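**Student:** My structure is below; once you've seen it, I'll send some questions.
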Amino acid sequence: MQEKLRFQISKATELTPNDRQALIELCTAAYEETFDHLFDSLPDSTHIIARLENEIVSHAAWVTRWLQPEGLPELRTAYIEAVATLPRYQGQGFGSAVMRNLVPLIKDYELAALSPSYSAFYARFGWELWQGPLFIRTAEGLEDSPADEEVMILRLPQTPALDLHAALSAEWRIGELW
Numbered sequence: 012m013q014e015k016l017r018f019q020i021s022k023a024t025e026l027t028p029n030d031r032q033a034l035i036e037l038c039t040a041a042y043e044e045t046f047d048h049l050f051d052s053l054p055d056s057t058h059i060i061a062r063l064e065n066e067i068v069s070h071a072a073w074v075t076r077w078l079q080p081e082g083l084p085e086l087r088t089a090y091i092e093a094v095a096t097l098p099r100y101q102g103q104g105f106g107s108a109v110m111r112n113l114v115p116l117i118k119d120y121e122l123a124a125l126s127p128s129y130s131a132f133y134a135r136f137g138w139e140l141w142q143g144p145l146f147i148r149t150a151e152g153l154e155d156s157p158a159d160e161e162v163m164i165l166r167l168p169q170t171p172a173l174d175l176h177a178a179l180s181a182e183w184r185i186g187e188l189w
C-alpha cells in the first residue's frame with residue numbers, strides 16, 4: 012500500500028483551508044489531544060504530507076530552530092514537529108515513509124532534531140537520543156528543561172562532530188519549548 016502514497020511538500024502558508032483542517036484532525040486523532048494550535052504555533056513550518064488516494068494519512072512538519080551543543084556555535088536545525096499517522100493506518104509503514112522522504116528535504120541544515128513521543132521509532136532511522144542536559148536560552152540566560160524532556164538528533168551532511176553527553180540548548184519559543 013505504501014507504493015500508492017503520494018507526497019506533497021508545502022509551506023504552511025500555501026496549504027488550503029481544507030488541508031489545514033485535515034492536518035489538525037490527523038494530529039488530534041494520532042496524539043489524542045487537540046492540535047487546533049498547529050498553525051498558530053508553527054506559522055513558518057514546512058509540511059510533508061502523505062496521501063493515499065485523496066485522503067491525508069500521514070504527516071510531518073519542520074521549522075528552523077537554532078540548537079547549540081556546548082562548545083559549538085548555534086546550528087541551523089530542522090526541528091521536526093507533528094509526526095503523525097491516522098490511527099487506522101498506523102503500523103502500515105506510512106509514518107516510516109514520511110520520515111524517509113523528509114530527510115533529503117532537510118539535508119542543507121546543519122542538524123535535525125525532534126522531541127520524540129516514541130524514541131524507538133526514530134532510532135530505526137538513525138536518530139540518536141541526546142544524553143546530556145537540555146536547556147532553553149532566554150534573555151536571562153539558560154533555563155533547565157523539565158527532567159522528563161527528551162530530544163533526538165539526526166546527523167546531516169553538514170553536522171559537525173558532536174558530543175551527545177554535552178549540554179544542548181535551544182532558543183525559547185512560545186508553546187512547547189522542545
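According to this note's numbering, the sequence shown is numbered sequentially starting from 12.
C-beta: ideal position from N, C-alpha, C; glycine also.
Computed from a predicted model, the values in this text were never measured in an experiment.
By Cβ distance below 8 Å, which residues in the same chain neighbour Gly-137 in space, the five residues on each side in sequence not counted?
**Tutor:** Leu-165 and Arg-166
**Student:** Whole-angstrom Cβ separation of Ser-52 and Ile-185, contact assumed at under 8 Å?
**Tutor:** About 7 Å; that satisfies the 8 Å criterion.
**Student:** Three-state secondary structure (DSSP) at Pro-28?
**Tutor:** helix
**Student:** Buried or exposed, going by whether 16 or more other CB atoms sit within 10 Å of the CB of Ile-20?
**Tutor:** Per the 10 Å Cβ criterion, exposed.
**Student:** On the CB-based measure, 16 or more other CB atoms within 10 Å of its CB, does Gln-32 come out buried or exposed?
**Tutor:** exposed
**Student:** Report the rounded CA-to-CA distance for Val-162 versus Asn-65, giving the unit in angstroms.
**Tutor:** 33 Å
**Student:** Which word fits Leu-76, buried or exposed, when buried means at least 16 other C-beta atoms lie within 10 angstroms of its C-beta?
**Tutor:** Here residue 76 is Arg; the residue named in the question, Leu, does not match the sequence. Buried, since its Cβ has 16 or more Cβ neighbours within 10 Å.
**Student:** DSSP three-state call for Pro-115: helix, strand or coil?
**Tutor:** helix
**Student:** Could you pull the start and end residues of the alpha helix (DSSP H) that Ser-130 belongs to?
**Tutor:** 130-134
**Student:** When burial is assigned at 16 or more other CB atoms within 10 Å of the CB, is Glu-182 buried or exposed?
**Tutor:** exposed
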